[in-house]
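Below is one structure, written out as structure tokens; comments come after it.
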Amino acid sequence: MNAIEVRGVSKQFRRYGRRRHFATLKSALLSGGLASAVRPDSLFEALRDVSFDVTAGRSFGVIGRNGSGKSTLLKLLAGIGKPTSGSIHVTGRVSALIELGAGFHPEISGRENVYVNGMMLGLSRKEIAKRFDDIVRFAELESFIDEPVKTYSSGMYVRLGFAVAINVNPDVLLVDEVLAVGDEAFTHKCLDTFAELRRRGRTVLLVTHSLDLVRRYCDEALWLDAGRVKAQGDPHRVIDAYLTDVATDETRHLVDAELARKAEQDTSAPAPSESAPPADMFKAAEGRWGSREIEIVDVDLMNAHGQSARVFDTGTRVDVTFGIRCHQPMTDVVFGIGIFNAEGVCCYGTNTALEGGTVEGVATDGQIRFSMDALDLVEGTYKLDVAVHRENGVPYDYHRLLYTFRMKSPVADAGVYRPRHGWSFDGGIRMVGLGRHDGTR
226 MNAIEVRGVS KQFRRYGRRR HFATLKSALL SGGLASAVRP DSLFEALRDV SFDVTAGRSF
286 GVIGRNGSGK STLLKLLAGI GKPTSGSIHV TGRVSALIEL GAGFHPEISG RENVYVNGMM
346 LGLSRKEIAK RFDDIVRFAE LESFIDEPVK TYSSGMYVRL GFAVAINVNP DVLLVDEVLA
406 VGDEAFTHKC LDTFAELRRR GRTVLLVTHS LDLVRRYCDE ALWLDAGRVK AQGDPHRVID
466 AYLTDVATDE TRHLVDAELA RKAEQDTSAP APSESAPPAD MFKAAEGRWG SREIEIVDVD
526 LMNAHGQSAR VFDTGTRVDV TFGIRCHQPM TDVVFGIGIF NAEGVCCYGT NTALEGGTVE
586 GVATDGQIRF SMDALDLVEG TYKLDVAVHR ENGVPYDYHR LLYTFRMKSP VADAGVYRPR
646 HGWSFDGGIR MVGLGRHDGT R
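For the sequence shown, this note's numbering gives the first residue as 226, with consecutive numbering after it.
Structure representation (structure tokens):
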């Protein structure tokens, strides 16, 4: 049996641009411009032909970027608005926690708001009175329940709203990203409540940016992209597809930013003969220096599949490739790489001379590949230096912090480096969920 059935749902909104202003209604009527002033410029389609089912008693997660239509979908399911086309059928009593403070009157007390919200959700005054103590206890607002709601913090708003929503004994609970406002302890309490509702055969539909939450607590996931269903099914499969798409999009934006920075450097930099390099490259700001007798061209980062990328999972293979354009034969040549975090701290740096290599000669153009079998950096944004210089450090071409990449990790470690590691326990210590950690997903 389905608790939620959505069939071919689309939702359009009228979008208005800047219009002519009139001093008075009379002037607008006399000018004949009133009709054009209130006419929408265009229609914005927030949802496009969305269809899915949610089986009763299941936990269902909806993910997607900002503006993908998630909150619009949730409001339609809650009955706040109607679809432009298509149909929605929800079976049973629906309780929704959609917007922070939605349905609360700021001037009246928390106690009065509990009664108002409860009645809006279909409870009688007698039923609310019976559940009132449980609501206040869950919300942890015993000392503030008779204070005006306008004096509440955002976290107190969420706690009270969630406490009311779950205590109406809903068949279907709709929850938006508002849980992100609560503290960690309250979030765990909410997740325990989701589990309890699931055991009781209730249906939970959760809109969230927390992919880990969807992995752990949802039976099924839906990915919305620009108002359309991009994928639906097993949460792990849907989330992996979503992350791949996000990484591809991030890579495109980072590459576009690189090209813009390089173009700016090429146009604003002085002629190579006039360009004096900083005394300490590792402390220098973003830029490019060198005589350009040998030039660096076509810098790229590649993933383990040999594809150009700027987003990598911790512990996976990363190759840095770059070409050189040789304007005259050279024998004094060193190739170098440096990796820096967002704060400018050098995470790693090396060059061919440090590692014992000697370039016997560079006579023509060529290609260099620097391969890292497992880049064990913690999650974060990093910058890359690429250089070709003389053995005494004088640069032919030094690209400083011109290339950005990101490392992703399922673990929120601190620091810079993530060593391969494992935990073991002896004696009376019992631990679950820990073992070898190689940094990959």
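Every residue gets a Cβ at the ideal spot worked out from N, C-alpha and C, and that includes glycine.
Computed from a prediction, not measured in an experiment: that's the story for all the values here.
Residue pairing of methionine 226 in beta bridges, as defined by DSSP: absent, with no partner found.
Distance from glycine 286 to proline 460 at the Cβ level is roughly 6 Å; contact confirmed, criterion being Cβ atoms closer than 8 Å. In this structure, DSSP gives threonine 297 a helical state, which the three-state scheme calls helix. DSSP places alanine 612 inside the beta strand (DSSP E), whose first and last residues are 605-614. Between the segment 503-523 and the segment 534-553 there are three or more inter-stretch CB-CB distances shorter than 8 Å, so the stretches are counted as touching. Between leucine 422 and valine 429, the CB-CB gap stays under 8 Å. Using a Cβ distance threshold of 8 Å, lysine 375 and glutamate 332 count as a contacting pair. For a cut-off of 8 Å, the C-beta gap from serine 296 to valine 432 is around 7 Å, short enough to register as a contact.
Judged by pairs of C-beta atoms under 8 Å, the segment 306-317 does not touch the segment 351-369, as fewer than three such pairs exist.
Beta-bridge annotation (DSSP): glutamate 445 is paired with Phe285. Under DSSP, lysine 633 shares a beta bridge with Asp538. In this structure, the CA atom of leucine 398 is about 56 Å from the CA atom of arginine 513.
Annotation for leucine 416: the continuous alpha helix (DSSP H) segment containing it runs 409-424. Residue environment: tyrosine 628 is assigned as buried (16 or more neighbouring CB atoms within 10 Å of its CB, all protein chains considered). Each residue's CA atom was taken as its position, placing leucine 366 and serine 349 some 22 Å apart. Between aspartate 450 and serine 293, the alpha-carbon positions lie close to 5 Å from each other. The three-state secondary structure of alanine 567, taken from DSSP, is coil. Our two residues, serine 310 and aspartate 358, have alpha carbons roughly 42 Å apart in a direct line. Per DSSP, aspartate 358 has no beta bridge partner at all.
Taking C-alpha positions only, arginine 425 is separated from valine 393 by approximately 14 Å.
Residue pairing of cysteine 551 in beta bridges, as defined by DSSP: Ile519. Apart from the 5 residues on each side of it in sequence, methionine 656 sits with its Cβ closer than 8 Å to the Cβ of Trp648, Phe650 in its chain, given in chain order. Minimum Cα-Cα distance from valine 383 among the listed residues Ala321, Ser368, His478 corresponds to Ala321. Annotation: cysteine 572 to aspartate 444 spans about 40 Å, alpha carbon to alpha carbon. Only exposed fits threonine 556, as fewer than 16 other CB atoms lie within 10 angstroms of its CB. Annotation: alanine 599 is outside any alpha helix (DSSP H) and is labelled neither H nor E by DSSP. Between the segment 627-644 and the segment 533-544, the count of C-beta pairs closer than 8 Å reaches three or more; the two stretches touch. Within the same chain, Cβ atoms closer than 7 Å to the Cβ of phenylalanine 419 are found at Ser284, Val429, Tyr442, the five residues on either side in sequence being excluded. DSSP, read as helix, strand or coil, puts tyrosine 382 in helix. Annotation for proline 644: Asp601 place their beta carbon closer than 8 Å to its own, counting only its chain and skipping 5 residues before and after.
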